Structure formats: C-alpha cells, structure tokens
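Numbering (my numbering), first residue to last: 1488 to 1537. Just below is one structure, and these are the notes that go with it.
This is the structure:
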C-alpha cells in the first residue's frame, strides 16, 4: 500500500483547510454545497476567476 494512506490524509486535510478558509464550518454542509459543481470547486482552489 505504500504511502497512499498518508497521501490521502494530507489531501483530506488540505481540502478541509481550503473549505474552512472559504467560510464553511461544517464539512457536511460544504460537501453538499459544492458536490457535483465543478465551477465552485475550481473557484475554491483558485484556478478560475469569479
């Protein structure tokens, strides 16, 4: 399995930090809000201008 668990944990922590930075206090609410909305996801990670 190698480094997969550590890598996934790091990615999960990064995503949670990004969501908190953008004002989401609940991860469940954040996931429901942005799930299946690629434009919102790209805006959150800063690859697309609003």
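Every residue gets a Cβ at the ideal spot worked out from N, C-alpha and C, and that includes glycine. Nothing here was measured: the structure is a model prediction, and the numbers come from that model.
Backbone CA spacing between residue i and residue j [nearest angstrom]
i	j	result
residue 1519	residue 1500	18 Å
Beta-carbon gap between residue i and residue j smaller than 8 Å
i	j	result
residue 1505	residue 1525	no
residue 1503	residue 1514	yes
Close beta carbons around residue i, own chain, < 6 Å, minus the five adjacent residues each side
i	result
residue 1517	1506 and 1511
Own chain residues within Cβ distance below 7 Å of residue i, not counting five before or after
i	result
residue 1509	1531
residue 1491	none
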